[in-house]
Amino acid sequence: MKIGYKSDVGRIRENNEDSLLVIQEHSPDYCVFAVADGMGGHQAGEVASAMAIEGLKKFFVKQNIINKTYQKSERIQKLINNINSNIYNVSLEKPELHGMGTTLTSVLYRQNQLYISHIGDSRVYRINDEGIEQLTEDHSLVAGLIREGTITKEQARSHPQKNVITRAIGTDLNVKSDTYHYTLQDEDIILLCTDGLSNLVSESEIKHIIESNVDLQEAANSLVQLANAKGGTDNITLIIFQC
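The opening position of the sequence shown corresponds to residue 380 in the numbering used here, with each subsequent residue numbered one higher.
Below is the structure:
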């Protein structure tokens, strides 16, 4: 497997509220990757995203649960419910963390099968010779406007409410995860990223940089560099892999 990943604070924020997860070494049967983009003042976003990633890590590493359970949408939802409840309860117990939440987009890969669980506006892309395809649907205000035909994708990039998300982990007692299943081809490259990348770097730029770098770690570094060159207005986190 080829892989590259990076998390960067950006040029504006004082703290990095993003978190990521890369699991390769614990089982030859599967790989797990995830990104989380936290929200909430006074470092609450950092706590929320870290808790979400830790919840995933415990599920896959300590319990050693492989993809035959992850494939089932009800099992995924149970996992998400547990993570959501933990974050929500902590936010109620600690006033300084009240209102915290996080996006959480995770993938499990095994034998050309890709299983995705998704909440929020972080994204999963597939890049190949045919182009670049977003595999997840944003849970955001502007995504809803795009679906309604009110604005275009390009207009969404500069919309004043582009950062308003409509679904997150930890902000309510209950949350529903979107689940997806894809069969990948050998040439497919998968990118997970937070909106610190996708809000600043276009899909065509993402595709060009990934295809221009044989080393996916160099591609990850270059994408972060470009996002920062375009203002670095948010934390930037991404994982790129090809099997």
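Heads up, the beta-carbon is just placed ideally off N, CA and C, and yes, glycines get one too.
Point to revise | Reduced DSSP category for Tyr409 - H, G, I as helix; E, B as strand; rest coil | key: If you number the sequence shown from 1, residue 409 lands on position 30. Residue state, collapsed to three classes: coil.
Practice item. For Gln332, name the three-state secondary structure that DSSP assigns. Key: Nothing in the structure corresponds to residue 332, since the chain is present only between 380 and 622.
Exercise for review: Could you check the C-alpha separation between Asn553 and Asn460 for me, to the nearest Å?
Suggested key: On the sequence shown, residue 553 is found 174 positions in, with the first residue counted as 1. On the sequence shown, residue 460 is found 81 positions in, with the first residue counted as 1. About 7 Å.
Check your understanding: Apart from the five residues on each side of it in sequence, which residues of its chain come closer than 8 Å, Cβ to Cβ, to Asn446?
Key -> Sequence index remark: in the sequence shown, residue 446 carries index 67 (1-based). Here Asn446 scores only 47 on pLDDT, less than 50, and its place in the model is too uncertain to base an answer on.
Point to revise | Status (buried if at least 16 other CB within 10 Å, exposed otherwise) for Met380 | key: By 1-based counting over the sequence shown, the position of residue 380 is 1. So Met380 ends up on the exposed side.
Point to revise | Which of helix, strand or coil DSSP assigns to Ala423 | key: On the sequence shown, residue 423 is found 44 positions in, with the first residue counted as 1. Residue state, collapsed to three classes: helix.
Point to revise | Bridge-paired residues (DSSP) for His497 | key: As a working mapping, residue 497 is identified with position 118 in the sequence shown. Bridge partners of His497: Thr484 and Asp557.
Review point. Is Val580 near the ligand GTP, with its Cβ less than 8 Å from a heavy atom?
Key: Absence of the ligand GTP from the depicted structure is noted, as is the absence of any ligand whatsoever, leaving it without description.
Review point. Taking the C-alpha atoms as reference points, what is the distance between Arg536 and Phe412?
Key: Mapped onto the sequence shown, residue 536 falls at position 157. Mapped onto the sequence shown, residue 412 falls at position 33. Distance between the alpha carbons of Arg536 and Phe412: 26 Å.
**Study point:** Opposing strand residues paired with Tyr384 [DSSP bridges]
**Key:** Locating residue 384 in the sequence shown gives position 5, counting from the first residue. Ile618.
Point to revise | Nearest to Leu514 (by Cα), restricted to the options Asn578, Glu584 and Ser496 | key: Sequence index remark: in the sequence shown, residue 514 carries index 135 (1-based). The candidate whose alpha carbon is nearest that of Leu514 is Ser496.
Exercise for review: Please name the residue, chosen from Ile402, Ala599 and Ile455, that lies closest to Ser556 on a Cα-to-Cα basis.
Suggested key: The residue labelled residue 556 in the question sits at position 177 within the sequence shown. Checked all of Ile402, Ala599 and Ile455; the closest Cα to Ser556 is Ile455.
Check your understanding: Among residues of its own chain, excluding the 5 on either side of Asp387, which ones have a beta-carbon nearer than 6 Å to its beta-carbon?
Key -> In the sequence shown, the residue the question calls residue 387 occupies position 8. Contacts found: Val603 and Ile615.
Review point. According to the Cβ coordinates, are Asp517 and Gly575 closer than 9 Å?
Key: Position 138 of the sequence shown, counted from the first residue, corresponds to residue 517. Position 196 of the sequence shown, counted from the first residue, corresponds to residue 575. Going by C-beta atoms, Asp517 is not nearer than 9 Å to Gly575.
Exercise for review: Using three-state DSSP, classify Arg390 as helix, strand or coil.
Suggested key: As a working mapping, residue 390 is identified with position 11 in the sequence shown. Correct three-state label for Arg390: coil.
Exercise for review: Quick one: grab the DSSP three-state call for Gly610.
Suggested key: Position 231 of the sequence shown holds residue 610. Of the three classes helix, strand and coil, the one that applies to Gly610 here is coil, per DSSP.
Review point. At which residues does the beta strand (DSSP E) containing Arg546 begin and terminate?
Key: Here residue 546 refers to the residue found at position 167 when the sequence shown is read from its first residue. Going by DSSP, Arg546 is part of no beta strand (DSSP E) at all; its letter is neither H nor E.
Review point. Is there contact here, the segment 522-539 with the segment 391-399, by at least three beta-carbon pairs under 8 Å?
Key: With a cut-off of 8 Å, the segment 391-399 and the segment 522-539 do not count as touching, because too few Cβ pairs lie within range.
Review point. Residue range of the alpha helix (DSSP H) that Ile402 falls in?
Key: What you label residue 402 is simply residue 23 of the sequence shown in a count that begins at 1. Unbroken run through Ile402 is the beta strand (DSSP E), Asp397 to Ile402; no alpha helix (DSSP H).
Review point. Helix, strand or coil for Gln490 per DSSP?
Key: Working through the sequence shown from its first residue, we reach residue 490 at position 111. Three-state DSSP puts Gln490 in coil, outside helix and strand.
Check your understanding: If you drop the 5 nearest sequence neighbours on each side, which residues of the same chain put their C-beta closer than 8 Å to that of Asp508?
Key -> Indexing the sequence shown from 1 puts residue 508 at position 129. Contacts found: Glu566.
Review point. With distances taken from CA atoms, which of Asn465, Gly417, Tyr384 and Ile506 is nearest Ser591?
Key: Counted from its first residue, the sequence shown places residue 591 at position 212. When each option's Cα is compared against that of Ser591, the closest is Ile506.
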